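Number of protein chains: 6
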Amino acid sequence: MKRIALFPGSFDPFTKGHEDIVLRGLRLFDEVVIAMGHNSRKSRYFDVNEMVQKIEYTFENVDSVSVKLYDELTAELAKKYSANYLLRGLRNTTDFEYENSISQVNRHLNDQLETVFLITSPEYASISSSIIREVHKYGGDVSDFIPYEL
Amino acid sequence: MKRIALFPGSFDPFTKGHEDIVLRGLRLFDEVVIAMGHNSRKSRYFDVNEMVQKIEYTFENVDSVSVKLYDELTAELAKKYSANYLLRGLRNTTDFEYENSISQVNRHLNDQLETVFLITSPEYASISSSIIREVHKYGGDVSDFIPYEL
Amino acid sequence: MKRIALFPGSFDPFTKGHEDIVLRGLRLFDEVVIAMGHNSRKSRYFDVNEMVQKIEYTFENVDSVSVKLYDELTAELAKKYSANYLLRGLRNTTDFEYENSISQVNRHLNDQLETVFLITSPEYASISSSIIREVHKYGGDVSDFIPYEL
Amino acid sequence: MKRIALFPGSFDPFTKGHEDIVLRGLRLFDEVVIAMGHNSRKSRYFDVNEMVQKIEYTFENVDSVSVKLYDELTAELAKKYSANYLLRGLRNTTDFEYENSISQVNRHLNDQLETVFLITSPEYASISSSIIREVHKYGGDVSDFIPYEL
Amino acid sequence: MKRIALFPGSFDPFTKGHEDIVLRGLRLFDEVVIAMGHNSRKSRYFDVNEMVQKIEYTFENVDSVSVKLYDELTAELAKKYSANYLLRGLRNTTDFEYENSISQVNRHLNDQLETVFLITSPEYASISSSIIREVHKYGGDVSDFIPYEL
Amino acid sequence: MKRIALFPGSFDPFTKGHEDIVLRGLRLFDEVVIAMGHNSRKSRYFDVNEMVQKIEYTFENVDSVSVKLYDELTAELAKKYSANYLLRGLRNTTDFEYENSISQVNRHLNDQLETVFLITSPEYASISSSIIREVHKYGGDVSDFIPYEL
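Chains as they are written, first to last, in the working numbering: chain R, 5 to 154; chain B, 5 to 154; chain A, 5 to 154; chain U, 5 to 154; chain X, 5 to 154; chain E, 5 to 154.
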């Protein structure tokens, strides 16, 4: 049976930290589905469809990675894709406390769902989507923080 | 003199984790007043009056627990109810850092006010009101996270 | 029924931070038993009997505080003294993680035992027994950190 | 060469904790520029120009402190003022994780920029701008938390 | 190619928390090698050979789990067993900070080695080997904390 | 007046992380005195005199850095060297909580003494002296973690 993992997030934008986790996740899983949560009522900084394209372009030579938009419970989405794993990166203790809660609830909602954590590589651990938005808003150069061109 | 504690929060919604703290708090205090902060300018997910009813129903057989809406400083509310204690649950280090600040400020505003902490039981430590709202919004089953029916 | 709390620790030495927790604990409990863990095989820096005397002297005018040496499980000791509460201070997140574990295990060993936490007052939060030992060893003045004279 | 540090923040409002860091920073730096981030699209609780005046008044006898409004990247602002240092206070671990990320990104954007941290004095560590706003909104007395009169 | 993971530790003693991680790890890996670090100069509380037997007994019906003693670098041991993964459990933020450091160093020593983290199930998160030793030393009942009989 | 900082530690061994803090500290201070705590009763892994030589060799071309052995309170040593600053690196939240306590106590013992923190560069944040000792003990290659040859 194929080991399929969801890598859920809002990816506003997708960062080199995210890319790091996906690529390292491929050593564990046969397929990684990048699941981009999108709710039409929530505003984003980067256009959702453009971001899907950027991510697809990033992994265009990696068959085992796909990108999907979703607007439902992650635990439900996992069933649709026969994904028994959620893949998540941990950068620091704030992440840990948040992910700890989410993972227990996801397991409660779908007891087949195991959340697997990798610690973000040190060179990417300081990058967050919110910092990139802030830098980009003021015209700063964010090209070192993302794995594609804007 | 009766030992009266306020248990303040926005309770949007009230969770089994909150219930756990109230019930264990009753071993320390003669009365626990569940003080539900409500400000008409702040929007809630669950209706405030309905939530009061749900909480009252939860504790309908527990005389020493009452529910009050308030829209003022917690430190002031405590004086009104002759409450010398605030009761708070701690789930993790993020909670700790937040509660640490709040409790020092409350003590400064009302030097009779002691904040007393219990650590949330492990089975409820992953439950937060915000996660429940997220699950409920997407139609997920939250009945295991709350001590009443919605 | 009297509310009796144990305040367990090795108190090598007892600090102003410990005193802060005991005095504030008296607002919650009718009696606080300072339970000084002592194991003849473990070496201490400050003599155990001398420390008992210093603590007794510190609280000589406070009838509701007593000091006991013990060499057994805290959860068992609590039964002997009809203590249904453990009183503990939290200084920071490192304390929190440690105390979280200990309190769950104590509750497992004695399901009548509730651990109640107060956050150490800011002016005492940096004081630890180990720092005091280090300062004292090098002849530094520790009188501001302890509530008695050495 | 003069050692010039920026002390960036939104200061809504400026607190005694901020004042503590600025004054202690003067032992390290020849000049401290309090850089108040202001974006006309973001709403504030305290008026931005009034707050500038309050801060200027606070340091009116301290020549080496100045106050500037800015609406650009902090790393860019630093270049304008020939500031090679950012001065930041740390109150707790939540601050630490946040500041850790920001400081790495700032250093990436401007490799001449070193972020220097002081730990907030214990008596001010519980004060945050957001708590002050909350207390003030409800008519509570915040005069002990700020170094000027409102 | 088989996915083989080492689960390294001193296991003094092996706990239900460890068992939880091994069993959940089997959903990710084809084989899990429980690698028990043992150094004749370091004293243990539980006999090393007896503990190996207890762990083997715990997993006697699970072919994909084996137990090995080792006294070398974990990163080297992994090469011997063609293990490309280290499996580790995270209970709290203190664990996270420690494991973060170790995992980066292991990856540096063996760049084929990926450390994969699962968060310990809440019911086991408070159990540590050191607490079990403390309880056992004083004759307390530890049977609920370990998956075998002592 | 010269700005002189002590950089205290046991340096068993001195790491690239330590070197990072010293070199970045030189942008703040006119002189950095690496103060190596040494107590003949405490055993070390690396010989104390050899380590002093390694550190001196590391900074042989940097006149503003010196190395001193000491066996007294850091707060007292600072007075001897007219050092008004302690320089410390922060790697993570565990470091933060520890350093927070130490810095308050040092300031209490010597109110002229300000502890200044830099956050360790990400590439060195996982390196600790204790991990290096562990790797070295088992014959692993530690040359990437230290700025000199062993």
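Yeah, the Cβ is synthetic: ideal placement off N, Cα and C, and Gly gets one too. Since the model is a prediction, treat every value here as computed from it, not as a measurement.
Length of the line joining the Cα atoms of residue i and residue j
i	j	result
Glu127 of chain X	Glu127 of chain B	7 Å
Glu54 of chain B	Phe63 of chain A	50 Å
Ile8 of chain U	Asn96 of chain A	33 Å
Leu113 of chain E	Thr19 of chain E	29 Å
Ser147 of chain U	Ser105 of chain A	40 Å
Asp67 of chain A	Val56 of chain A	16 Å
Val109 of chain U	Lys84 of chain X	40 Å
Asp145 of chain E	Tyr102 of chain X	21 Å
Gln116 of chain E	Asn65 of chain E	30 Å
Ser133 of chain U	Arg111 of chain U	26 Å
Val52 of chain E	Ala129 of chain E	24 Å
Gly143 of chain E	Asn43 of chain X	15 Å
Ile135 of chain B	Leu154 of chain E	53 Å
Val69 of chain B	Val26 of chain B	8 Å
Ser107 of chain U	Ser107 of chain E	21 Å
Leu73 of chain A	Leu73 of chain B	47 Å
Neighbourhood of residue i by C-beta, 6 Å cutoff - its chain only, sequence neighbours within 5 removed
i	result
Leu10 of chain B	Val37, Ala39, Ala82, Ala87 and Leu90
Glu60 of chain R	Val71
Glu23 of chain B	Pro151
Ser226 of chain B	The question about residue 226 of chain B has no answer, for chain B in this structure spans 5 to 154.
Contact belief for residue i with residue j at Cβ below 8 Å, rounded distance in angstroms
i	j	result
Asp16 of chain E	Tyr49 of chain E	6 Å
Thr98 of chain A	Thr98 of chain X	7 Å
Lys58 of chain E	Tyr152 of chain E	5 Å
Below-7 Å beta-carbon distance, residue i vs any chain A residue
i	result
Thr97 of chain U	yes
Asn135 of chain X	The sequence as given places Ile at residue 135 of chain X; Asn does not occur at that position. Ile135 of chain X counts as touching chain A.
Pro126 of chain U	yes
Ser130 of chain X	yes
Glu4 of chain B	Because chain B here runs from 5 to 154, residue 4 of chain B falls outside it and cannot be looked at.
Nonlocal neighbours in the same chain, by C-beta distance under 7 Å from residue i, ignoring five residues either side
i	result
Pro12 of chain U	Ala39, Gly41, Thr78 and Leu90
Arg28 of chain X	Leu122
Ile131 of chain B	Thr19, Lys20, Gly21 and Phe149
Phe100 of chain E	Leu94
Glu160 of chain B	Any question about residue 160 of chain B goes unanswered here, given that chain B covers just 5 to 154.
Short CB-CB distance (under 7 Å) between residue i and chain U
i	result
Gln108 of chain B	yes
Glu101 of chain A	no
Phe121 of chain E	yes
Leu73 of chain B	no
Chain R contact for residue i (CB, 7 Å cutoff)
i	result
Pro17 of chain E	no
Closer than 7 Å to chain B by CB, residue i
i	result
Tyr142 of chain U	yes
Asn104 of chain A	yes
Arg48 of chain A	no
CB contact check: residue i to chain E, cutoff 7 Å
i	result
Ser14 of chain A	no
Arg92 of chain U	no
Cutoff 8 Å; reference residue i; Cβ partners in own chain excluding five residues on either side
i	result
Lys6 of chain B	Asp34, Glu35 and Ser86
Cutoff 7 Å: residue i Cβ touching any chain X Cβ
i	result
Glu76 of chain A	yes
Arg31 of chain R	yes
Contact between the segment 24 to 34 of chain B and the segment 91 to 105 of chain B (3+ Cβ pairs under 8 Å): Verdict: yes, contact present.
Touching by the beta-carbon criterion (3+ pairs, under 8 Å), the segment 127 to 140 of chain A and the segment 107 to 123 of chain B: The answer is no - the segment 107 to 123 of chain B does not touch the segment 127 to 140 of chain A, with fewer than three Cβ pairs under 8 Å.
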